[in-house]
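Peer 1:
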Amino acid sequence: MRCAAELVIAALLVAGCDAGDADAADSDDGSSSDEGSTTGDAPMWTSLDERPCPPDSWLTWESFGGPFVLDYCTSCHGSGLPDGMRQMAPVGLDFDDVEDVRAHAGRIWARAADHNMTMPPAGAAPQDERTWLGEWLACGAPTEADRAE
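Every letter in the sequence shown is one number past the one before it in the numbering used here, and letter 91, counting from 1, is 718.
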């Protein structure tokens with residue numbers, strides 16, 4: 628009986644493995660391959676520093692960043708929230724304005740942008756918005772005024 632169970636387990640392991648599984652496992656720790664994301668939609672970078680800013684990016688605080696942060700972040704990461712209302716977000720880790728976001732851009736990217744999906748813990752942003760967040764952060768989280776310069 629033990630041999631039969633071992634054969635079934637071995638067969639399941641072999642059937643479930645292929646060359647792509649190594650890339651999928653890497654996504655849990657933020658590491659990646661050069662081939663792209665597990666969804667095939669976009670490359671997976673290991674840090675915000677690696678993430679390129681497209682020269683034709685249209686994203687600004689006003690057109691994207693501010694609304695994204697308001698929709699997905701400030702309900703826990705707002706300076707006006709008392710400790711008991713922050714859903715365990717650290718006090719002082721606030722994203723009230725673009726300067727706050729810029730100060731924590733690497734941390735935000737590592738948790739919520741591109742292929743990183745640990746934040747927000749509930750009410751997750753759609754993948755296209757996570758990709759735009761990565762782009763906007765990689766471009767330095769610009770405002771309309773920054774683009775006009």
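Glycine is no exception: its CB is placed at the ideal position from the N, C-alpha and C atoms.
Since the model is a prediction, treat every value here as computed from it, not as a measurement.
What is the DSSP secondary structure of Q714, reduced to helix, strand or coil?
Peer 2: DSSP places Q714 in coil when its eight states are reduced to three.
Peer 1: Take E771 as the anchor and find which of D755, E677, P682, T687 has the nearest alpha-carbon.
Peer 2: T687
Peer 1: Count Cβ pairs between the segment 677-684 and the segment 744-764 that sit closer than 8 Å; are there 3 or more?
Peer 2: yes
Peer 1: For A772, which three-state DSSP category applies?
Peer 2: In the structure shown, A772 falls within a helical segment according to DSSP collapsed to helix, strand and coil.
Peer 1: Rounded to the nearest angstrom, what separates D784 and G692 at their Cα positions?
Peer 2: In the structure as shown, the chain starts at 628 and stops at 776, and residue 784 therefore has no counterpart that could be examined.
Peer 1: Under the rule that 16 or more other beta-carbon atoms within 10 Å means buried, what is P694, buried or exposed?
Peer 2: exposed
Peer 1: When you compare the CB positions of D683 and S706, do they come within less than 7 Å of one another, or not?
Peer 2: no
Peer 1: Which value, in whole angstroms, describes the spacing of the CA atoms of L720 and S702?
Peer 2: Their backbone Cα atoms lie some 12 Å apart in a straight line.
Peer 1: Within the continuous alpha helix (DSSP H) that includes G761, where are the two ends?
Peer 2: Run containing G761: 754-765, per the alpha helix (DSSP H) assignment.
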